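Trainee: Protein chains in written order, with our numbering: chain F, 15 to 208; chain W, 15 to 208.
Can you read through this structure? Questions will come right after.
2 protein chains.
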Amino acid sequence: MVNYPGGVKKNLPKKETSYAKRGMMFEDMINKSCEFYRDTKRAVLHKKPTPITIVKVDYPERAHAKVTEAYFKTPSTTDYNGIYKGRYLDFEAKNTNNASSLPLHNFHEHQIEHMRACHEQGAVAFVLVAFSKFNRYFYLPFEGLAAFWDAAAKDEGRKSIPLSYFEASCPEIELDLYGRLKFLDIVDKEVKNG
Amino acid sequence: MVNYPGGVKKNLPKKETSYAKRGMMFEDMINKSCEFYRDTKRAVLHKKPTPITIVKVDYPERAHAKVTEAYFKTPSTTDYNGIYKGRYLDFEAKNTNNASSLPLHNFHEHQIEHMRACHEQGAVAFVLVAFSKFNRYFYLPFEGLAAFWDAAAKDEGRKSIPLSYFEASCPEIELDLYGRLKFLDIVDKEVKNG
């Protein structure tokens, strides 16, 4: 792969979409991709439910429980996993509004350690990264993420992954005509090369 | 494997533990097994969070969201998955208080179809079954479950899987000294034979 010396700057028109909405849109795009892959029997990939601590449950109607007090928990794993061509896939989705890098504070320590453990067991572990300002999407293999994370943990590296790194070293993911991310095409190539 | 003509009847002393508690205990046993397997780096297996539809969220304190209205959803997948020796594992846990069979109404159509799709992709798909009256635990491969499920769907078969079938055709799972289910030992043998 070609290594550019710096980041290629792009001047794309700004859109009206809010950042929070963009994060949701990215998740939607991935969920639709997973659904399409399941429907066409190409892979079985699912988003895990949001982890929640349930404190109080009421039963206003028979056999219909209503949760009245619950709190969001920090996820101890990644958001997505499943199977593709007999391989275990484990991945996370990260959307950034930053124009020049993906800050590492987007990840939890637990997520990194989970992906590391999966990687050691032979999983295809990666992150789907959206630079929402430019509508650009990259496939970040766990090894790449780990290199930045481990350097930052030793206080030797930067606390973010620059866009220039993505442009130089990570496959860019295309969309199909329905706005679904074609990330399994990248997995095919990565598994072949790896 | 030996095929007994009928179910071997056992007269075990009855215990005081309630059935609901037994279901929880079984889930606890599996969660502890998964934790132990993760800690010893043998496998990366997790229980998925309970799927919930969130309706209302309050913010009584800054940066501390409180869910005040939510409902349980029917799971569209199984409770557990992960990776072991490079293989994708997908499994469900079912506890029955029935003394002679596991009723098929313990399963949702969605769970069966999910396991079938995983199985077709090359997953090791199975159910950990507890007959709590006898403290006996079996490993039910997806193929075995599918045979009973598909026959029942065609109105040709019974609506439950008899204990005698488990005794004759499913590996029984042993516990370790700490009450953890040693189900990966069974996976090892199944994968070798399959």
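Where a beta carbon is used, it is the ideal one built from N, C-alpha and C, also for glycine.
What you are looking at is a predicted structure, and each value in this text was computed from that prediction instead of being measured.
(1) In angstroms with no decimal places, state the Cα-to-Cα distance between Thr-82(F) and His-122(W).
(2) With three or more beta-carbon pairs closer than 8 Å as the criterion, would you say the segment 40-52 of chain W touches the segment 42-50 of chain F?
(3) List the whole-angstrom C-beta distance separating Val-58(W) from Gly-96(W), where the pair is believed to meet the contact cut-off of C-beta under 8 Å.
(4) Would you tell me roughly how many angstroms separate the C-alpha atoms of Pro-65(F) and Pro-89(F), rounded to the nearest one?
(5) Give the DSSP-derived three-state secondary structure of Leu-189(W) in the structure shown.
(6) Looking at chain W, which residues of the segment 82-98 of chain F have a Cβ within less than 9 Å of any of its Cβ atoms?
(7) Along the chain, where does the alpha helix (DSSP H) containing Phe-148(F) start, and where does it finish?
(8) Looking only at C-alpha atoms, which of Ser-178(F), Lys-62(F), Pro-176(F), Gly-158(F) sits nearest to Ile-126(F)?
(9) In whole angstroms, give me the CA-to-CA distance for Asp-169(F) and Leu-189(W).
(10) Quick one: any contact between the segment 126-142 of chain F and the segment 171-182 of chain F, if contact means 3 or more CB pairs under 8 Å?
(11) Pull up the DSSP beta-bridge partners for Leu-118(F), would you.
(12) If you draw a straight line from the alpha carbon of His-78(W) to that of Phe-86(F), how long is it in whole angstroms?
(13) Grab me the residues of Tyr-102(W)'s own chain with a C-beta within less than 6 Å of its C-beta, minus the 5 sequence neighbours each way, in chain order.
(14) Got a sec, what are the start and stop residues for the beta strand (DSSP E) Glu-170(F) sits in?
(15) What first and last residue would you give for the alpha helix (DSSP H) that runs through Asp-202(W)?
(16) Let me know the alpha helix (DSSP H) ranges lying completely inside the segment 78-133 of chain F, each 4 residues or longer, listed in chain order.
(17) Count the other CB atoms, across all protein chains shown, that sit within 10 Å of the CB of Tyr-94(W); report buried if there are 16 or more and exposed otherwise.
(18) Is the CB-CB distance between Ala-131(W) and Arg-52(F) below 9 Å?
(19) If I follow the unbroken beta strand (DSSP E) through Ala-182(F), where does it start and stop?
(20) Distance, Cα to Cα, Phe-145(W) vs Pro-155(W)?
(21) Quick one: using the 10 Å Cβ neighbour count with 16 as the cut-off for buried, is Ala-167(F) buried or exposed?
(22) Exposed or buried, what is Glu-106(W) when buried is set at 16 or more other beta-carbons lying within 10 Å of its beta-carbon?
(23) Could you work out which residues of chain W lie near Ala-79(F), taking near to mean beta carbons separated by less than 9 Å?
(24) Using a beta-carbon distance below 9 Å, is Gln-125(W) in contact with chain A?
(25) State the DSSP-derived secondary structure class of Leu-26(W), mapped to helix, strand or coil.
(26) Suppose the cutoff is 7 Å on Cβ atoms and the five residues either side in sequence are ignored; what does the same chain contact list for Phe-50(W) look like?
(27) Determine which residues of the segment 176-187 of chain W have a Cβ less than 7 Å from any Cβ of chain F, and write them out in chain order.
(28) Roughly how many angstroms lie between the CA atoms of Thr-67(W) and Thr-67(F), to the nearest whole one?
(29) Going along chain F in order, which residues have a C-beta closer than 8 Å to the C-beta of Tyr-51(W)?
(30) Taking Thr-64(F) as the query, report the chain W residues whose CB atoms sit under 7 Å from its CB, ordered along the chain.
(31) Taking buried to mean at least 16 other C-beta atoms within 10 Å of its own C-beta, is Asn-111(W) buried or exposed?
(32) Using a beta-carbon distance below 9 Å, is His-119(F) in contact with chain W?
(33) Alpha carbon to alpha carbon, what distance is there between Tyr-73(F) and His-128(W)?
(34) Am I right that Lys-62(F) and Pro-63(W) are in contact with their C-beta atoms under 8 Å? What's the rounded C-beta distance?
(35) Shortest alpha-carbon distance to Met-39(F) belongs to which of Asn-109(F), Lys-80(F), Val-69(F), Asn-120(F)?
(36) Hey, how far is the Cα of Phe-180(W) from the Cα of Glu-186(W)?
Mentor: Short version:
(1) Start at 1 with the first residue of the first sequence, and residue 82(F) comes out as number 68. Start at 1 with the first residue of the second sequence, and residue 122(W) comes out as number 108. Rounded to the nearest angstrom, the two C-alpha atoms are 26 Å apart.
(2) no
(3) Start at 1 with the first residue of the second sequence, and residue 58(W) comes out as number 44. Start at 1 with the first residue of the second sequence, and residue 96(W) comes out as number 82. Yes, they are in contact, since the Cβ atoms of Val-58(W) and Gly-96(W) sit about 5 Å apart, within 8 Å.
(4) In the first sequence, the residue the question calls residue 65(F) occupies position 51. In the first sequence, the residue the question calls residue 89(F) occupies position 75. Going by the C-alpha atoms only, they are around 6 Å apart.
(5) Numbered from 1 along the second sequence, position 175 holds the residue referred to as residue 189(W). Three-state DSSP puts Leu-189(W) in a strand.
(6) Thr-82, Glu-83, Ala-84, Tyr-85, Phe-86, Lys-87, Pro-89, Ser-90, Thr-91, Asn-95, Gly-96, Ile-97, Tyr-98
(7) The residue labelled residue 148(F) in the question sits at position 134 within the first sequence. No alpha helix (DSSP H) holds Phe-148(F); DSSP gives it neither H nor E.
(8) Sequence index remark: in the first sequence, residue 126(F) carries index 112 (1-based). The shortest Cα separation from Ile-126(F) among Ser-178(F), Lys-62(F), Pro-176(F), Gly-158(F) belongs to Gly-158(F).
(9) Reading the first sequence from its first residue, position 155 is the one you call residue 169(F). Reading the second sequence from its first residue, position 175 is the one you call residue 189(W). Their backbone Cα atoms lie some 45 Å apart in a straight line.
(10) no
(11) The residue you call residue 118(F) lines up with position 104 of the first sequence. In the DSSP output, where bridge partners are listed per residue, Leu-118(F) has none listed.
(12) On the second sequence, residue 78(W) is found 64 positions in, with the first residue counted as 1. On the first sequence, residue 86(F) is found 72 positions in, with the first residue counted as 1. Approximately 9 Å, taken between the alpha carbons.
(13) Looking up residue 102(W) in the second sequence gives position 88. Closer than 6 Å at Cβ, skipping near neighbours: Ala-137.
(14) Your numbering for residue 170(F) matches position 156 in the first sequence. Note, Glu-170(F): premise wrong, no beta strand (DSSP E); not H, not E.
(15) Taking the first residue of the second sequence as 1, we reach residue 202(W) at position 188. Element bounds for Asp-202(W): 197-207.
(16) none
(17) Within the second sequence, residue 94(W) is the residue found at index 80, counting from 1. Per the 10 Å Cβ criterion, buried.
(18) Start at 1 with the first residue of the second sequence, and residue 131(W) comes out as number 117. Start at 1 with the first residue of the first sequence, and residue 52(F) comes out as number 38. Cβ atoms of Ala-131(W) and Arg-52(F): closer than 9 Å.
(19) For the purposes of this step, residue 182(F) is taken as residue 168 along the first sequence, with counting starting at 1. Looking at the DSSP string, Ala-182(F) is not in any beta strand (DSSP E); the run it does join, the alpha helix (DSSP H), is 177-183.
(20) Translated into positions along the second sequence, residue 145(W) becomes position 131. Translated into positions along the second sequence, residue 155(W) becomes position 141. Rounded to the nearest angstrom, the two C-alpha atoms are 16 Å apart.
(21) As a working note, residue 167(F) is residue 153 in the first sequence. Label assigned to Ala-167(F): exposed.
(22) Your numbering for residue 106(W) matches position 92 in the second sequence. Glu-106(W) is buried by the Cβ-count criterion.
(23) Here residue 79(F) is taken as the residue at index 65 of the first sequence, counted from 1. Residues of chain W passing the Cβ test: Tyr-85, Phe-86.
(24) Looking at the structure shown, chain A is missing, and the protein chains on hand are F and W.
(25) Residue numbering aside, residue 26(W) sits at position 12 when the second sequence is read from its first letter. Any answer about Leu-26(W) is weak, because its pLDDT of 49 lies below 50 and its placement is not dependable; what the coordinates show is given next. Three-state result, Leu-26(W): coil.
(26) As a working note, residue 50(W) is residue 36 in the second sequence. Excluding residues within five positions, the ones whose Cβ falls inside 7 Å are Arg-194.
(27) none
(28) What you label residue 67(W) is simply residue 53 of the second sequence in a count that begins at 1. What you label residue 67(F) is simply residue 53 of the first sequence in a count that begins at 1. Each residue's Cα considered, the two are about 14 Å apart.
(29) To locate residue 51(W), count along the second sequence from 1; it is residue 37. What Tyr-51(W) touches in chain F: nothing, since even the nearest Cβ is about 11 Å away.
(30) Numbered from 1 along the first sequence, position 50 holds the residue referred to as residue 64(F). Residues of chain W passing the Cβ test: Pro-63.
(31) By 1-based counting over the second sequence, the position of residue 111(W) is 97. Classification for Asn-111(W): exposed.
(32) Numbered from its first residue, the first sequence carries residue 119(F) at position 105. It does not: the Cβ of His-119(F) has no partner Cβ on chain W nearer than 9 Å.
(33) The residue you call residue 128(W) lines up with position 114 of the second sequence. The residue you call residue 73(F) lines up with position 59 of the first sequence. Each residue's alpha carbon lies about 30 Å from the other.
(34) On the first sequence, position 48 is the one that residue 62(F) refers to. On the second sequence, position 49 is the one that residue 63(W) refers to. About 6 Å separates the two Cβ atoms, so the contact holds.
(35) The sequence position of residue 39(F) within the first sequence is 25, counting from 1. The residue with the shortest Cα to Cα distance from Met-39(F) is Asn-109(F).
(36) Locating residue 180(W) in the second sequence gives position 166, where the first residue counts as 1. Locating residue 186(W) in the second sequence gives position 172, where the first residue counts as 1. Answer to the nearest angstrom: the Cα atoms are 8 Å apart.
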